[in-house]
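Here the sequence shown is numbered in full-length UniProt numbering, starting from 1 and rising by one per residue.
We put the beta carbon where it would ideally sit given N, CA and C, even for glycine.
Here the structure is a predicted model, which means the values were calculated and not measured.
Report on one structure; see the data block that follows.
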Amino acid sequence: MALAREESSPLFAGTVAGTLRLMLYLALAMVLMVLDHRNGWIWRLRYATSVVVEPVYRLAGLPAAGMRTVSVAFADRKMLTEQNQRLREDLLLANAKLNRMAAVAQQNQRLKELLDTQHSLELNVQLARVIDVDLGASRHRMLLNLGARDGVKSGQVVIDAHGVMGQVVEVMPRTSLVMLVTDPDHAIPVVIERTGLRTVAYGLRDGDLLSLPNISMASDVHAGDKLLTSGLGGRFPPGFPVGEILSVDQSPSGMFLEARARPTADLDRSEDVLLLHDQAEPAGPPAPVTPAGPPADLAPATPAVTTTSAPPPRAAEASVSPAPAASAAPVQP
């Protein structure tokens, strides 16, 4: 057992040599502490040793530091990528909301203009929404979301806040088809606002313009003149804007002037329109025309021709006989 204790702890063995070694170590420790406290030699030794050992520490910790740096770099890259993706989504959503708000603001402005038009003109109108527009080469049509069940009739005039757009040509139960003023088959009576000249504006096949082909050579027509509905024909009410003349040229025949005009209404941008109910074409034959002439109470009276038979002789005598009696009465004594 003693041999095992000496093998396991030879410094503190119970022998004299072990005790001497212990005392030596203790004395050496005391001397080192005194020297360190008074002169700082141990601190200088520790400082010099740290200078030599520090690179070893750094070299030993380099793999762990590299792993931490790589993991942090990947984590930061992933986090930055996710943040960038979220910011891009938020930006797209904000732009979409902003565009939607701008569209709603424009729609509200158009509706306000339509309501202002209705109130200023005191018209019996109905608001409709455009659901389809066909601006092809052979036809210019527009489809509305109101039909026969909503009281729409063929021939009703369609306007927007800027002017006349066209007229209803076909009515379905839930929708109605409108022929625009620029359709090649459409014609509208107009008057030039500046001069009062009346003419007819037709749709063109080669563009979204109006053609005024039958203007007299002596007429005073210039670019910039405003076109209004004249009211002739009874279909379109007078005074509504139709277009603005862009150019005036001589017709191919050389006998007339031909003008080109741009429609005032936003044919390709309007989303809401107004249907005029007062101008719908009446159903059935027209009412009979009242005959012209002065009133009956102011007409000269025609002498009436009457035929009377001669009174019988006795009656005539009876009516005459009192006269002599009356005249003879004062003569008697």
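Based on Cα-Cα distance, which residue from L135, D90, R86 lies nearest to L204? For this step, residue 204 is matched to residue 204 along the sequence shown. Comparing Cα-Cα distances from L204 to each of L135, D90, R86, the minimum goes to L135.
C-alpha gap between M23 and T15, whole angstroms: If you number the sequence shown from 1, residue 23 lands on position 23. If you number the sequence shown from 1, residue 15 lands on position 15. Looking at the two C-alpha atoms, the distance is approximately 13 Å.
Compute the Euclidean distance between the alpha carbons of A17 and L26, then round it to the nearest angstrom. Position 17 of the sequence shown holds residue 17. Position 26 of the sequence shown holds residue 26. C-alpha separation (whole angstroms): 14 Å.
Over what stretch of residues does the alpha helix (DSSP H) that includes R38 continue unbroken? Numbered from 1 along the sequence shown, position 38 holds the residue referred to as residue 38. That run of the alpha helix (DSSP H) goes 16-38.
Buried or exposed: where does P63 fall if 16 or more other Cβ atoms within 10 Å of its Cβ makes it buried? Your numbering for residue 63 matches position 63 in the sequence shown. With fewer than 16 Cβ atoms within 10 Å of its Cβ, P63 is classed as exposed.
Taking 8 Å as the threshold, find out whether the segment 220-235 comes into contact with the segment 184-204 through three or more Cβ pairs. yes
In whole angstroms, give me the CA-to-CA distance for L210 and P173. On the sequence shown, residue 210 is found 210 positions in, with the first residue counted as 1. On the sequence shown, residue 173 is found 173 positions in, with the first residue counted as 1. Looking at the two C-alpha atoms, the distance is approximately 31 Å.
According to the neighbour-count rule (16 or more other Cβ atoms, all chains shown, within 10 Å of its Cβ), is M1 buried or exposed? For the purposes of this step, residue 1 is taken as residue 1 along the sequence shown, with counting starting at 1. With a pLDDT of 45 at M1, under the threshold of 50, the modelled position of this residue cannot be trusted; read the value that follows with caution. M1 comes out exposed.
Figure out for me which residue from T199, G234, P263, V56 has the closest Cα to the Cα of F256. Taking the sequence shown and counting its residues from 1, one reaches residue 256 at position 256. The residue with the shortest Cα to Cα distance from F256 is T199.
Cβ neighbours of V152 in the same chain (closer than 7 Å, five flanking residues each side left out): Counting from one through the sequence shown, the residue named residue 152 turns up at place 152. Answer for V152: L146, V168, V171, S176, L275, listed in chain order.
Would you identify the three-state DSSP class for R63, choosing helix, strand or coil? Residue mapping note: residue 63 aligns to position 63 of the sequence shown, counting from 1. Looking at the sequence itself, residue 63 is Pro, so the reference to Arg does not match. It is helical.
Straight-line gap, I245 to G196 (C-alpha atoms, nearest Å): Locating residue 245 in the sequence shown gives position 245, where the first residue counts as 1. Locating residue 196 in the sequence shown gives position 196, where the first residue counts as 1. The straight-line gap from Cα to Cα measures roughly 14 Å.
Comparing alpha-carbon positions, which option in P213, V248, V70, P237 lies nearest D220? Residue 220 sits at position 220 when you count from the first residue of the sequence shown. Among P213, V248, V70, P237, the Cα nearest to that of D220 belongs to V248.
Which class does V104 belong to by DSSP, given the choice of helix, strand or coil? Numbered from 1 along the sequence shown, position 104 holds the residue referred to as residue 104. In this structure, V104 counts as helix in the three-state DSSP scheme.
Collapsed DSSP secondary structure at residue 345 in the structure displayed: For the chain, the structure presents residues 1 to 333; residue 345 sits outside this window and is missing.
Provide the residue(s) that pair with Y57 in DSSP beta bridges, ordered along the chain. Your numbering for residue 57 matches position 57 in the sequence shown. The partner list for Y57 (beta bridge, DSSP) is empty, contrary to what the question assumes.
If G163 sits next to A265, beta carbons under 8 Å apart, how far is it from one beta carbon to the other, in whole angstroms? In the sequence shown, counting from the first residue as 1, residue 163 sits at position 163. In the sequence shown, counting from the first residue as 1, residue 265 sits at position 265. That pair is a contact at about 4 Å.
Taking all protein chains shown into account, do 16 or more other C-beta atoms lie within 10 angstroms of the C-beta of S230, making it buried, or fewer, making it exposed? The sequence position of residue 230 within the sequence shown is 230, counting from 1. Its Cβ being crowded by 16 or more others within 10 Å, S230 is buried.
Span separating the alpha-carbon of L277 from that of V157: Position 277 of the sequence shown holds residue 277. Position 157 of the sequence shown holds residue 157. Note that residue 277 is His in the sequence shown, not Leu. The straight-line gap from Cα to Cα measures roughly 8 Å.
Using CA coordinates, which residue listed in D150, V130, I215, P213 is at the minimum distance from M179? Locating residue 179 in the sequence shown gives position 179, where the first residue counts as 1. Looking at the Cα atoms, V130 is the closest of the given residues.
Run through DSSP, which three-state label would Q250 get? Taking the first residue of the sequence shown as 1, we reach residue 250 at position 250. Reduced to three states, the DSSP call for Q250 is strand.
Mind checking whether D208 and L144 have CB atoms under 8 Å apart? Taking the sequence shown and counting its residues from 1, the one referred to as residue 208 is at position 208. Taking the sequence shown and counting its residues from 1, the one referred to as residue 144 is at position 144. No, these two residues do not count as a Cβ contact at 8 Å.
Looking at the secondary structure, which residues open and close the beta strand (DSSP E) in which H162 lies? Your numbering for residue 162 matches position 162 in the sequence shown. Run containing H162: none; DSSP gives neither H nor E here.
Quick check on DSSP: helix, strand or coil for residue 337? With the chain running from 1 to 333 in the structure shown, residue 337 is simply not present.
Could you tell me the alpha carbon to alpha carbon distance between L20 and V72, rounded to whole angstroms? Mapped onto the sequence shown, residue 20 falls at position 20. Mapped onto the sequence shown, residue 72 falls at position 72. One C-alpha to the other measures close to 56 Å.
Enclosing beta strand (DSSP E) for S211 [first to last residue]: In the sequence shown, residue 211 corresponds to position 211, counting from 1. Counting along the chain, the beta strand (DSSP E) containing S211 begins and ends at 210-215.
Where V181 falls: helix, strand or coil (DSSP): Working through the sequence shown from its first residue, we reach residue 181 at position 181. Coil at V181, not helix or strand.
Applying the 10 Å Cβ sphere with the 16-neighbour rule, what's the burial state of P55? Position 55 of the sequence shown, counted from the first residue, corresponds to residue 55. Counting Cβ neighbours within 10 Å, P55 comes out exposed, since fewer than 16 surround it.
Please classify Q126: does DSSP put it in a helix, a strand, or coil? Position 126 of the sequence shown, counted from the start, is the residue given in the question as residue 126. Strand, per DSSP.
Just the C-alpha distance for L92 and N84, rounded to the nearest angstrom, thanks. Taking the first residue of the sequence shown as position 1, residue 92 is located at position 92. Taking the first residue of the sequence shown as position 1, residue 84 is located at position 84. Distance between the alpha carbons of L92 and N84 is about 12 Å.
Buried/exposed call for A137, threshold 16 Cβ in 10 Å: Here residue 137 is taken as the residue at index 137 of the sequence shown, counted from 1. Counting Cβ neighbours within 10 Å, A137 comes out exposed, since fewer than 16 surround it.
Let me confirm a value: M142 is counted as buried when at least 16 other C-beta atoms fall within 10 Å, else exposed. Which label applies? Numbered from its first residue, the sequence shown carries residue 142 at position 142. The residue in question, M142, is buried, as its Cβ has 16 or more Cβ neighbours within 10 Å.
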